[in-house]
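Visitor: The following block contains the structure, expressed as structure tokens.
In my numbering, the protein residues as written are 145 to 380.
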């Protein structure tokens with residue numbers, strides 16, 4: 145796994161598959177702070193926080209999980225834009241990549257200028273709200289019922305541990321909390337060396353939210369910090 149520095153704008157780009165290796169030195173500035181290249185799907189799936197990238201470029205042909213299947217796995221956990229690299233003659237992979245959630249299909253031999261224009265346009269388009277449609281609503285913590293209300297009005301009854309974690313995210317101001325803050329919200333001052341327990345509790349919270357809302361939970365790990373709730377979060 146390797147990275148290339150780019151001008152900081154948004155979030156890093158993940159390039160999965162050996163045929164996507166050329167993305168690293170050629171990606172547009174809109175891709176964010178870095179391009180992280182994964183040799184194949186196994187390298188990607190076993191990496192740290194694979195669903196936290198702001199843009200994905202996935203080669204259709206690679207070792208491990210096939211490209212279209214990797215597109216499907218990423219789409220189940222992330223709303224970030226996905227570009228698939230598919231050879232012009234591979235019509236089945238072209239159709240399957242789109243069916244599994246790719247936003248754009250590109251040939252692997254695309255010239256530099258066209259690659260930059262295509263990925264920049266994809267980032268720009270996905271960042272825009274659809275015309276005539278209201279912006280997505282935020283999430284709300286309902287104090288009386290100890291529940292989380294989703295952006296479409298779904299009411300999710302939280303366990304005591306889940307409630308404490310969500311309250312911790314809500315009180316930080318920017319939705320970002322350190323591991324220590326989250327551990328103390330669960331176990332008080334006796335919170336040392338509880339990273340595994342914290343990870344397990346957050347995993348259960350993510351799954352609970354996803355099962356109730358049928359969308360990816362906006363909880364992401366933040367390197368060298370802790371975790372973040374990446375959506376508007378209010379208390380009522």
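Every residue gets a Cβ at the ideal spot worked out from N, C-alpha and C, and that includes glycine.
Keep in mind it's a predicted model, so treat the numbers as computed, not measured.
Give the straight-line distance between the Cα atoms of residue 235 and residue 187, rounded to the nearest whole angstrom.
Guide: 26 Å
Visitor: If you compare alpha carbons, which of 323, 326 and 319 is closest to residue 375?
Guide: Checked all of 323, 326 and 319; the closest Cα to residue 375 is 319.
Visitor: Please state whether DSSP places residue 316 in a helix, a strand or coil.
Guide: coil
Visitor: So, at 6 Å on beta carbons, what are the nonlocal neighbours of residue 244 in its own chain, with the 5 sequence-adjacent residues on each side left out?
Guide: 212, 215 and 216
Visitor: Based on the DSSP secondary-structure assignment, which residues constitute the bridge partners of residue 301?
Guide: 291
Visitor: On the DSSP bridge list, what partners appear for residue 363?
Guide: 373
Visitor: Which residues in the same chain as residue 373 place their Cβ atom closer than 7 Å to its Cβ, once the five residues preceding and following it in sequence are excluded?
Guide: Shown here for residue 373: same chain residues with a beta carbon closer than 7 Å to its own, the five before and five after excluded, namely 313, 319, 362 and 363 in chain order.
Visitor: Check whether the Cβ atoms of residue 308 and residue 342 lie closer than 7 Å to each other.
Guide: no
Visitor: In the DSSP assignment, the beta strand (DSSP E) including residue 354 goes from what residue to what residue?
Guide: Premise fails: residue 354 lies in the alpha helix (DSSP H), 339-357, not in any beta strand (DSSP E).
Visitor: Helix, strand or coil for residue 321? Go by DSSP, reduced to three states.
Guide: Residue 321 falls in the strand class under three-state DSSP.
Visitor: Determine, using beta carbons only, whether residue 259 and residue 225 come nearer to each other than 7 Å.
Guide: no
Visitor: DSSP state of residue 240, grouped into three classes?
Guide: Three-state result, residue 240: helix.
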